[in-house]
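One line per chain: the protein sequences are B and D, in this order. Okay, so the first sequence: first residue is 211 according to my numbering, each after it adds one. Okay, so the second sequence: first residue is 2 according to my numbering, each after it adds one. All C-beta atoms, glycine included, are put in the ideal place defined by N, C-alpha and C. No experiment lies behind these values; they were computed from the predicted model shown. Working notes, beginning with the structure itself.
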Amino acid sequence: MIVSAQSSSLRDRAREWGREFRSAGMLLEAEPANAHRFVNLEGVQVMSTAGIPPSARSAEQSDVVHKLDLRRAVDRTIVMEELARGDVGVFLSAPGPSMAGLLVDMLGSTRQKEDFFAPFLDRPTWSCFALTEPERGSDAGSLSTAITADDSGRLSVNGRKRYIGNGTRATTGVVFGRRGKSPLSIGAYVIDPTAFGFKAEALATMGLRAAQISDISFEDVALQPEAELGAHLPRGQRGIRASLQVFNQLRPGVAALALGVSWNAFDTVIEALAGLQVPKLRDRLRRIETELLSSRELVLRAARAADETGDGVLASAAKRSLCRQAERVTLDLCSLLGPRARVDNPALDKAVRDARGIEFMEGTSNMQVLNVGQSVVTSVRKLRRSTDC
Amino acid sequence: MHARLGFSERLVDLVVVRLRNRRTGESTILLQQMVKAQLGEATIDHLEIDSLLASSTFDRQEALTVDRRITDVDRAVLRLFGASGYLLEDFALWADVSEQLLAYTMSAEEEQQQ
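This is the structure:
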């Protein structure tokens, strides 16, 4: 049966899965091409099928313990925080439908969902979500990847995408491209990265190396005739608007990843200080722990808002707040161990580098601040205080 | 610290050149008010740090505080580069080296005193 994600033990279980990620994280950082070595970790197995809608599973497939339904933002944030507490790189490198799956679930026809999700239930399968283009990071509406049809109506894609997670290992995914000049001509299409003309190359990043953040080029890559997602919907509900909805759904989870990285650094320093009599440092650690626990409340509030109303403003606030906190807290924790902390403690160095990378997922801090500011200016909705909940 | 400050100022020059060439809608990213404000904050921080370094009371005991302050300014400027500021190349790589410079220049004795 599907494990109840609402169970109070979800966090405890996720923390156990996360513990396995810690040692795997350093190995995967050194050899990011070897993600398949870790597909048997329980947390990786959970993520490999999480997000698959029940309608896309057969009765017998639903009867597997590892199939956890993480489509609720609250459940996702709990699991994501704990897995990132183990290692955010292992989490990001896990196979699974991930962002592409959310979009297919949101826009796809019954047939598209069956076709897209089937491989994930069969074997470890990686996916990619190819939206961002070089030099157009925050301006998705100006993307130039072209979807064209030849005389016989056969669709193909040409263009370049950049900063795409798991680009080198994906065997399925979605790409955003345009068929005309209008923003409404932008659509999302299911792609086959094993097709001729698809080329992905991992970028050398400061951290999050396990995620194999990639540069992807499409050269006359053939699309299936029914590749466009949401073709049965009005134009305005597909494309960029749908991608924004996916981002709103996932943003509390990204905040949870940032929080997980902070906890990872915290745990590393606790281990480094084990057995030492350092009362002043322990006082500072207690203050950091209190801060992280209170931040968890903000993440959960944002997740509840996303589940209940689809509202993304709190999620923007949480993402901005937790990303900035992760950068600051990882550096603060280094300062407890002295100037050589990063040199002498590779796990802490990794957390410092990883913390910076969360900034670029699902919109930068500036975009989140503008989003929150816009909600204030338009007075669409007053943000609730925690005491209102 | 002077080397770090010099590099941090150079980082601002580099991001200005980069954002001047990046378009958003009918304008460039450099001309967005939020971006200009952040560049202004970075420049003011640089001036304050420069004054601190020139102060007669500044000693190596204060190095850690100033070191962290420069790191914070660099991080803010790096964010303006977008994801390219996270690549292990060019200016982003040097920013990371700058961030860790103190670890390699402070003697064990000085570190103990911190």
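Is it the case that the Cβ atoms of Ala527 (chain B) and Val456 (chain B) are separated by a distance below 8 Å?
no
At a CB-CB cut-off below 8 Å, which residues of chain B make contact with Arg69 (chain D)?
Leu541 and Ser545
Inside the stretch 491–550 of chain B only - alpha helix (DSSP H) runs reaching at least 4 residues
523–547
If you measure between the beta carbons of Trp220 (chain B) and Ile288 (chain B), is that distance less than 8 Å?
Just to set this straight, residue 220 (chain B) is Leu in the shown sequence, not Trp. Against a cut-off of 8 Å, the Cβ pair of Ile288 (chain B) and Leu220 (chain B) comes out as a contact.
Does any residue of chain D have a CB that is nearer than 8 Å to the CB of Arg388 (chain B)?
no
Would you please verify whether the beta carbon of Phe570 (chain B) is less than 8 Å from any beta carbon of chain D?
yes
Report the three-state DSSP secondary structure of Thr378 (chain B) (helix, strand or coil).
coil
Interface residues of chain B facing Thr72 (chain D) [CB-CB closer than 8 Å]:
Leu541
Can you find a C-beta in chain B that's less than 8 Å from the C-beta of Gln101 (chain D)?
yes
Touching or not, the stretch 543–560 of chain B and the stretch 474–489 of chain B, by the rule of three or more beta carbon pairs under 8 Å?
yes
Is any beta-carbon of chain D found at less than 8 Å from that of Glu241 (chain B)?
no
Show which residues of chain D have a CB atom less than 7 Å away from the CB atom of Arg461 (chain B).
The premise fails here: Arg461 (chain B) is roughly 17 Å from chain D at the closest Cβ pair, so nothing lies under 7 Å.
In whole angstroms, give me the CA-to-CA distance for Asp332 (chain B) and Ala266 (chain B).
12 Å
To the nearest angstrom, how far is the alpha carbon of Ala359 (chain B) from that of Phe386 (chain B)?
15 Å
Which residue marks the beginning of the alpha helix (DSSP H) containing Thr259 (chain B), and which one marks its end?
Glu252 to Thr259
Just tell me which of D:Thr66, D:Leu48, D:Gln33 and D:Leu89 has its CA closest to the CA of Gly7 (chain D).
D:Leu48
Which residues in the same chain have their Cβ closer than 6 Å to the Cβ of Gly440 (chain B), if we skip the five residues on either side of it in sequence?
Leu317 and Arg448
For Gly417 (chain B), which residues does DSSP report across the bridge?
None; Gly417 (chain B) has no bridge partner.
Residue span of the alpha helix (DSSP H) that contains Ile357 (chain B), given as start and end
From DSSP, Ile357 (chain B) is part of no alpha helix (DSSP H) but of the beta strand (DSSP E) over Ala356 to Ala359.
Between the stretch 386–416 of chain B and chain D, which residues of the former have CB atoms less than 9 Å from a CB of the latter, in chain order?
Leu413, Ala414, Thr415 and Met416
Pop quiz: Arg295 (chain B) and Gly470 (chain B) are said to be a contact at Cβ under 8 Å. What is the actual Cβ separation, rounded to whole angstroms?
4 Å
By the 9 Å beta-carbon criterion, what residues does the stretch 77–94 of chain D contribute toward chain E?
Absent from the structure is chain E; the protein chains it does hold are B and D.
Mind checking Asp361 (chain B): buried by the 16 CB within 10 Å criterion, or exposed?
exposed
Using the C-alpha atoms, what's the distance from Asp493 (chain B) back to Gln487 (chain B)?
12 Å
Assigned exposure category for Asp273 (chain B) - 16 Cβ within 10 Å defines buried:
With a pLDDT of 49 at Asp273 (chain B), under the threshold of 50, the modelled position of that residue is not reliable, and no figure is offered here.
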